[in-house]
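Letter 155 of the sequence shown, counting from 1, is numbered 155 in UniProt numbering, and no numbers are missing. One structure is given below, encoded as structure tokens.
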Amino acid sequence: MYSILKDLNLGKWVKKRPNSKFFSSLCSDIISQQLSDKAATTIYERFLALIPGKKVTPEVVLSLSDDNLRKAGMSWSKASYVKNIAVATKSGELDLSALPKMPDDEVIQELIKVKGIGTWTAEMFLIFSLGREDVYSHGDQGLRTAITKLYNLKHPTRSRIEKIIKRWSPYRSYGCIALWHSLDTAKK
Numbered sequence: 001m002y003s004i005l006k007d008l009n010l011g012k013w014v015k016k017r018p019n020s021k022f023f024s025s026l027c028s029d030i031i032s033q034q035l036s037d038k039a040a041t042t043i044y045e046r047f048l049a050l051i052p053g054k055k056v057t058p059e060v061v062l063s064l065s066d067d068n069l070r071k072a073g074m075s076w077s078k079a080s081y082v083k084n085i086a087v088a089t090k091s092g093e094l095d096l097s098a099l100p101k102m103p104d105d106e107v108i109q110e111l112i113k114v115k116g117i118g119t120w121t122a123e124m125f126l127i128f129s130l131g132r133e134d135v136y137s138h139g140d141q142g143l144r145t146a147i148t149k150l151y152n153l154k155h156p157t158r159s160r161i162e163k164i165i166k167r168w169s170p171y172r173s174y175g176c177i178a179l180w181h182s183l184d185t186a187k188k
């Protein structure tokens with residue numbers, strides 16, 4: 001997947017290889033919710049600066065004060081969600097090592113049990129952490145915007161979008177990356 005993206009000169013998306021550091025990846029995904037890439041990156045870097053050696057573990061996250069997480073730029077709810085993931089992981093309620101062996105729908109169901117992880121976050125985890133190739137996030141506004149522009153649609157319904165992306169299967173994740181890239185390119 002990533003060599004194709006590189007050949008297509010899709011810039012920053014090439015760097016988004018599957019990330020086996022699942023806990024830190026989920027923390028990053030929580031921080032990224034409803035933020036621009038730039039804002040999310042800034043806040044995540046501030047979050048990492050709070051952590052000695054930048055090794056993000058449940059124990060380290062639980063040792064951070066909510067005030068420090070807020071100073072890094074997280075909302076109260078995101079600080080709470082990151083700690084929820086830490087508690088669930090540390091207690092064994094969420095077994096991150098089991099996720100790579102599960103089908104996509106089971107990964108989503110397992111992740112959304114944790115308060116703060118919704119379907120969008122679980123889908124981003126599938127694409128960018130597990131490297132799953134056939135994921136499309138209907139809840140991603142950027143994807144909806146890109147499809148609307150690309151196909152010259154006014155208000156595409158979910159079923160209309162589903163008809164479009166069905167042709168991309170089993171590589172819908174690549175389609176997502178190309179759509180996000182098209183939005184980045186349009187901004188320049």
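Positions of the beta carbon are idealized from the N, C-alpha and C atoms, including for glycine.
Cβ-based neighbour list, Ile43, same chain, cut-off 8 Å, excluding 5 preceding and 5 following: Once the five neighbours on either side are set aside, the close Cβ partners of Ile43 are Ile31, Leu35, Ala72, Gly73, Met74.
- prompt: Among residues of its own chain, excluding the 5 on either side of Gly139, which ones have a beta-carbon nearer than 8 Å to its beta-carbon?
  reply: Excluding residues within five positions, the ones whose Cβ falls inside 8 Å are Gly118, Thr119, Trp120, Glu123.
query: On the three-pair Cβ rule with 8 Å, is the region 124-135 touching the region 87-105?
result: With the cut-off at 8 Å, the region 124-135 and the region 87-105 touch.
- request: Give a yes or no on whether the C-beta atoms belonging to Leu179 and Gly131 are separated by under 9 Å.
  value: No, Cβ-Cβ distance for Leu179 and Gly131 is not below 9 Å.
query: Curious, which full-length alpha helix (DSSP H) runs of at least 4 residues does the UniProt domain "HhH-GPD" (31-188) contain?
result: Every alpha helix (DSSP H) stretch that sits fully inside the UniProt domain "HhH-GPD" (31-188) and reaches 4 residues is listed by chain position as 37-49, 58-63, 66-71, 76-91, 104-111, 119-128, 141-150, 158-166, 172-187.
query: Hey, out of Leu48, Trp168, Ile147, whose CA is closest to His181's CA?
result: Taking only the C-alpha atoms, the option nearest His181 is Ile147.
task: Kindly list the residues whose CB is nearer than 6 Å to the CB of Ser28, restricted to its own chain and excluding five residues on each side of it in sequence; keep chain order.
output: Around Ser28: Tyr44.
message: To the nearest angstrom, how far is the alpha carbon of Asn84 from that of Asn152?
response: Between the alpha carbons of Asn84 and Asn152 lies a distance of about 41 Å.
message: I need the straight-line Cα distance from Ala49 to Pro100, nearest angstrom please.
response: If I take the Cα positions, the gap works out to 29 Å.
task: For Gly175, collect the residues of the same chain with a Cβ closer than 8 Å to its Cβ; drop the 5 residues on either side in sequence, then sort them by chain order.
output: Here the set comprises Tyr136, Ile165, Trp168.
Nearest-angstrom Cα separation, counted from Phe23 out to Thr157: When rounded, the distance between both Cα atoms is 34 Å.
field: Neighbourhood of Glu59 by C-beta, 8 Å cutoff - its chain only, sequence neighbours within 5 removed
entry: Within the same chain, Cβ atoms closer than 8 Å to the Cβ of Glu59 are found at Ala86, Lys90, the five residues on either side in sequence being excluded.
Among Ser159, Ala40, Ala39, Glu110, nearest to Leu94 - alpha-carbon criterion: Nearest C-alpha to Leu94: Glu110.
task: Inspect the beta-carbon positions of Gly116 and Ser77 and report whether they are closer than 9 Å.
output: Contact flag set, yes.
- prompt: Excluding sequence positions up to five away, which residues of its chain have a Cβ less than 7 Å from the Cβ of residue 212?
  reply: Look at the range of the chain in this structure, 1 to 188, and you will see that residue 212 is not part of it.
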